[in-house]
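Residues in the sequence shown are numbered from 3 upward in steps of one, following our numbering.
Each residue gets a CB set at the ideal place from its N, CA and C atoms; glycine is no exception.
Notes follow the structure.
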Amino acid sequence: MINIKENIDLNRLNHSCAHLMAQAVKHLYPEAKFWVGPVIEEGFYYDIDLGDKVITEEDLPKIEKEMKKLSKDGKRIVRHEITKEEALNMFKDDPYKVDLISRMDEDNTVISCYTQGDFTDLCRGPHVDTVKELKHFKLIKFSGAYWKGDSKNKMLQRIYGVCFRNEEDLNEYLNELEERKNRDHRKIGKELDIFMSDDLVGKGMPLWLPNGALIRKELENYIYEKEQKLGYVHVYTPCVGTVDLYKTSGHWDHYKENMFPSMKVDEEEFVLRPMNCPHHMLVYKNKLHSYRELPIRIGEFATDFRYEASGAVKGLERVRCMCQNDAHLFVTPEQIGEEFKKVVELILDVYHDFGITNYKFRLSLRDPEDKEKYFDDDEMWNNAESKLREVLNTLGVEYFEAVGEAAFYGPKLDVEVKPAVGPEITLSTCQLDFLLPRRFELSYIDSEGNKQVPVVLHRAIFGTFDRFTAFVLEETKGALPLWLSPVQVEIIPVNNEYHLEYSNKVFNLLKDNNFRVELDSRDEKMGYKIREAQTRKIPYTLVLGNNERDNNTVTYRKYGEEKTTTVTSEEFINMINNQRKEYK
Ligand code: TSB
Ligand code: ZN
């Protein structure tokens, strides 16, 4: 997909199309007032005050029709320059424009306007020469948007659209959009019974259904095994902590707006935890440690609660109750590089297993000028940052640097991926931390018998099981590899009367071999059952009739293929036994 914002020609075209849309809206709703209408990566939007009116599904075609009419009329788009005073006068009845104009630089006396027919808008430009050029557009969607993004302000109506130079490009984009919608994990999650939501439970609080729970269990087993091999230990800790715990960690000061409010129980004041680091610090502190024991790697599949804006919550991808694949690694300063390298290698290993290739490493560094956000220890920061860089360079992974994006306690590496719909998200993360161990007064005894403060690496490979599952569903379009599929084999007897007994035998054989198998003995037509197994994206469908029963064979069909193959039951089991060891 081409980035419209960065393409000079398409940027201008889309900007002009935003004006055309505003003009059409003004024709249909004369009371409309306009806030801003920027070009974005995938087209444009305009924020509009329509009084009490809320845009609905039926409005977009009406607006599009009016836009087509205006485009045919073919007015020229003309630029004028006026002074600030003239501009204030011209738009005096429009509080939004007055707000924009008043904030313009006093010395910058020239303000530009663009007029097409009966419509004039304040705008920096540039624009195309005539509205005739705006032929191949589509209004895509609408939503509410608070004025200036502040929930205390009025809710405006935001309409999104896109414009191309020709019909082929527009259609190509619309097809891609459709394909992405079909890949959206919210759609797949519903179709495959993976998760549900209910307002009675709450926003951003999905419930994992049996199919989803099976996927999650497999993911847990998978990563647990990897972590065991790498010397991690796992713990279970409560998903609440006292406010004092989070005051000690600094979250109460630095992270409060992302937390649920506190609650009192007897004399104690609790919060639902947004992170697990404080609990793991205390687990470390439970015993004295020698440098010989380090690194100590404490892992947990830990439930956290975070306040996410209600407009931001999204399926399993952005939730308010999540389960992290978390670990805190306690190391000596000398071990930072080696341990960080192992984490990056684990990330690469997991991504390789899952066939994830489209991702970006982002190395988040401090802004040395920002003395307020970042604790002041130049040497420590410089050391840590160059160590992380060095490891990434040694491993030969590509990454980009983001200055000023580090956490207040240290630099970090995030892995960014693009979901089917919406902006980029972080999956894996590895964060260096010099502060928390000090706040909790952690120590170890070094080789000379002196007390030292360990350094902590916070890391989550999957990020959260929630977000990772969402991502895997989108990457696979719901056609999960055998090991992750909730139902791996579906058995369909050709005729219940004659083939059920044999089907049961095969069913039990597969069960005994630890496969997740279903036998469809409903009184339905065979074709219907086969189609349903396909819709549910079950990896293998077995159709068993006379031939199979008499020869002790099975006829299988792999998901997504037309071809059927007949083999002995043992051959089939051997084949899928090998296949479930493959992750992709
Ligand atoms: C890695 N203390 C660290 C931890 O030790 C921590 O909490 N880091 S985090 O804030 O970056 O969160 C870890 C991961 O959780 C993120 O990388 C992201 O993949 C995932 N995550 C964050 N917020 C959400 C959310 N609202 N919904 C689903 N997953 C989320
Ligand atoms: Zn942490």
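query	result
Neighbour flag for E450 against chain D, beta carbons, 8 Å	Included in the structure is just one protein chain, with no chain D present.
Beta-bridge pairing of D123 - partner residues as DSSP gives them	Y116
Distance cut-off 7 Å: C279 Cβ against heavy atoms of the ligand ZN	yes
Closer than 7 Å: H330 CB and nearest the ligand TSB heavy atom	yes
R320 CB to nearest heavy atom of the ligand TSB below 7 Å	yes
Option in F46, L22, D51 with minimal Cα separation from A34	D51
Buried/exposed call for S388, threshold 16 Cβ in 10 Å	exposed
Member of V245, V267, F574 whose CA lies at the smallest distance from the CA of Y257	V245
Spatial neighbours of L438 in its chain, beta-carbon cut-off 7 Å, leaving aside the 5 residues before and after	S251, C279, M283, Y411, V458
Option in E392, T555, M382 with minimal Cα separation from I493	T555
Cutoff 6 Å; reference L331; Cβ partners in own chain excluding five residues on either side	P297, R299, E341, L459
Rounded C-alpha distance that separates Y48 from M382	46 Å
Proximity test, H460 beta-carbon vs the ligand ZN heavy atom, cut-off 7 Å	yes
From W149, H291, M198, V100, residue whose alpha carbon lies closest to that of A472	M198
Reference P32, options R81, K70, F121, closest by Cα	F121
Segment contact, 8 Å Cβ cut-off, at least three pairs: the region 361-379 with the region 395-412	yes
Nearest residue (CA-CA) to A535, options L158, V489, I358, Y446	V489
Unbroken alpha helix (DSSP H) run spanning D380, endpoints	380-397
Short Cβ contact (8 Å threshold) for T431 with E418	no
Identity of the residue in E371, E392, L12 nearest E400 by Cα	E392
Per DSSP, the bridge partner or partners of M324	D306
Among K154, D369, S445, N385, nearest to H291 - alpha-carbon criterion	S445
Nearest-angstrom Cα separation, counted from E178 out to K1	Residue numbering for the chain in the displayed model covers 3 to 586; residue 1 lies beyond these limits and cannot be assessed.
D95, buried or exposed, once every other Cβ within 10 Å from all chains shown has been counted against 16	exposed
Cross-strand partners of L521 (DSSP beta bridge)	I493
Three-state secondary structure assigned by DSSP to G191	helix
Beta-carbon contacts of L102 that lie in its chain and below 7 Å, excluding the five residues immediately before and after	L124
Extent of the continuous beta strand (DSSP E) run through G206	Per DSSP, G206 belongs to no beta strand (DSSP E) and is neither H nor E.
In DSSP terms, what P292 is bridged to	A small fix is needed here, since residue 292 is Ser in this sequence, not Pro. Its beta-bridge partners are I447.
CA-to-CA distance, I196 to G424, given in whole angstroms	21 Å
Exposure label - I358; buried when at least 16 CB within 10 Å	buried
R533 Cβ short of 7 Å to the ligand TSB heavy atom set	no
Nearest-angstrom Cβ-Cβ length linking K560 and P541, presumed shorter than 8 Å	7 Å
C-beta atoms of D200 and M324 nearer than 8 Å	no
CB contact flag (V519, V491, <8 Å)	yes
Completely contained alpha helix (DSSP H) runs for the region 508-553, where each covers 4 or more residues	528-537, 548-553
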